[in-house]
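This report concerns only the one structure given below.
In this note's numbering, the protein residues as written are 27 to 346.
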């Protein structure tokens, strides 16, 4: 998990003079971004507070300043000063901002479908999410995320409903690169995962609103010693508290539903990096797969219409 002194993939800069802007509660700025932007000026006390906040951000939304001060082993005035360093007037304003972020994440399809957003706005949101995915999965970070998958005996892939597209893409790609790749569906999670061990890795896709099965399965897997890689939406995610190997994607709404584009991009980038790291082993497996496809005639042997009929137009020569 990101420590207080580390930078997030998308860096924001907020000066004390910008406090009035914080009242607008910009949706593109997360608590992770805010802390990262001020990391250079944080004291040791501030860093303890930041570590508690990033370890379980929801406590800001639902706990008192005294609760946070106790967990960070500091005083209530220190917590208030920490909030002011992030650009807020005090702890209550920071708490309200976090609650607003939670509310945005929990917007449900039955509410979204009653709004109509211009296509240009949707396009802009998707383009921003694509750029953010590439930033979140920069070279060093993607190396950290793929290392457990490369070393694992088995790879277990789980997902919530709205992020399933990414899980399917990852399963399809990985299973062509290496053996022991399993896509675990919600209805059979217990049965499938009973064979998991500490030699394995699991990749979990899930975003707000979080599904119960992927989260509870992830907790069980970590207790079994399985290395966990989480593709999620930030430090508010329950997955981010389970593993240091997590990646935060921005998930825009497209109509009433969450976009599948960011998790698919993440899956494709993971597959590409793993293919490169596996080297000869992946190439040999793909060669065997290609040979088998040819033997069982997997692909349609298609000839364009003008070539099938030739110049004479003789339909008797038609051949698929």
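Cβ atoms here follow ideal geometry from the backbone N, Cα and C, with glycine treated the same way.
Where the alpha helix (DSSP H) through residue i begins and ends
{"i": "residue 108", "result": "102-111"}
{"i": "residue 405", "result": "Residue 405 falls outside the range modelled here, since the chain spans only 27 to 346, and no answer is possible."}
{"i": "residue 156", "result": "145-162"}
{"i": "residue 300", "result": "287-304"}
{"i": "residue 75", "result": "70-81"}
{"i": "residue 277", "result": "Residue 277 -> no alpha helix (DSSP H), and no H or E assigned at all."}
{"i": "residue 176", "result": "165-177"}
Cβ-based neighbour list, residue i, same chain, cut-off 7 Å, excluding 5 preceding and 5 following
{"i": "residue 303", "result": "172, 176"}
{"i": "residue 92", "result": "102"}
{"i": "residue 333", "result": "none"}
{"i": "residue 151", "result": "278"}
{"i": "residue 292", "result": "159, 163, 192, 257, 273, 275"}
{"i": "residue 245", "result": "268"}
Alpha-carbon spacing of residue i relative to residue j, whole angstroms
{"i": "residue 273", "j": "residue 187", "result": "18 Å"}
{"i": "residue 276", "j": "residue 307", "result": "34 Å"}
{"i": "residue 201", "j": "residue 57", "result": "36 Å"}
{"i": "residue 285", "j": "residue 73", "result": "34 Å"}
{"i": "residue 300", "j": "residue 110", "result": "43 Å"}
{"i": "residue 191", "j": "residue 100", "result": "44 Å"}
{"i": "residue 160", "j": "residue 68", "result": "28 Å"}
{"i": "residue 254", "j": "residue 223", "result": "12 Å"}
{"i": "residue 162", "j": "residue 156", "result": "10 Å"}
{"i": "residue 279", "j": "residue 214", "result": "29 Å"}
{"i": "residue 167", "j": "residue 146", "result": "31 Å"}
{"i": "residue 263", "j": "residue 196", "result": "21 Å"}
{"i": "residue 203", "j": "residue 283", "result": "32 Å"}
{"i": "residue 287", "j": "residue 210", "result": "21 Å"}
{"i": "residue 305", "j": "residue 311", "result": "10 Å"}
{"i": "residue 158", "j": "residue 296", "result": "15 Å"}
{"i": "residue 239", "j": "residue 198", "result": "22 Å"}
{"i": "residue 321", "j": "residue 309", "result": "19 Å"}
{"i": "residue 355", "j": "residue 108", "result": "Any property of residue 355 remains undetermined from this structure, which presents the chain solely from 27 to 346."}
{"i": "residue 185", "j": "residue 178", "result": "19 Å"}
{"i": "residue 189", "j": "residue 62", "result": "27 Å"}
{"i": "residue 88", "j": "residue 241", "result": "21 Å"}
{"i": "residue 71", "j": "residue 126", "result": "26 Å"}
Residue of the options minimising C-alpha distance to residue i
{"i": "residue 60", "options": "70, 71, 76, 69", "result": "76"}
{"i": "residue 235", "options": "216, 215, 265", "result": "265"}
{"i": "residue 66", "options": "97, 98, 112", "result": "112"}
{"i": "residue 290", "options": "329, 122, 194, 218", "result": "194"}
{"i": "residue 249", "options": "94, 261, 219, 260", "result": "219"}
{"i": "residue 269", "options": "119, 114, 105, 170", "result": "170"}
{"i": "residue 64", "options": "96, 90, 114", "result": "114"}
{"i": "residue 237", "options": "212, 257, 256", "result": "212"}
Opening and closing residue of the beta strand (DSSP E) in which residue i lies
{"i": "residue 227", "result": "227-231"}
{"i": "residue 257", "result": "253-258"}
{"i": "residue 61", "result": "Careful: residue 61 lies outside any beta strand (DSSP E), inside the alpha helix (DSSP H) at 57-63."}
{"i": "residue 222", "result": "No beta strand (DSSP E) contains residue 222, which DSSP labels as neither H nor E."}
{"i": "residue 274", "result": "272-274"}
Residues near residue i by beta carbon distance below 6 Å, same chain, minus five either side
{"i": "residue 180", "result": "206, 226"}
{"i": "residue 8", "result": "An answer regarding residue 8 cannot be provided, because it is not within the stretch 27 to 346 covered by the chain."}
7 Å Cβ cutoff, residue i in contact with chain C
{"i": "residue 192", "result": "In the displayed structure, chain C is absent; only one protein chain is listed."}
Own chain residues within Cβ distance below 8 Å of residue i, not counting five before or after
{"i": "residue 252", "result": "182, 222, 223, 224, 226, 227, 228"}
{"i": "residue 86", "result": "57, 79, 94, 120, 121, 124"}
{"i": "residue 105", "result": "75, 91, 94, 95, 98, 117"}
{"i": "residue 258", "result": "230, 231, 232, 233, 265, 266, 272, 273, 274, 275"}
{"i": "residue 315", "result": "202"}
{"i": "residue 294", "result": "195, 199"}
message = Using 8 Å as the cut-off, can you tell me whether the stretch 321-331 makes contact with the stretch 220-238, which would need three or more C-beta pairs spanning the two stretches below that distance?
response = no
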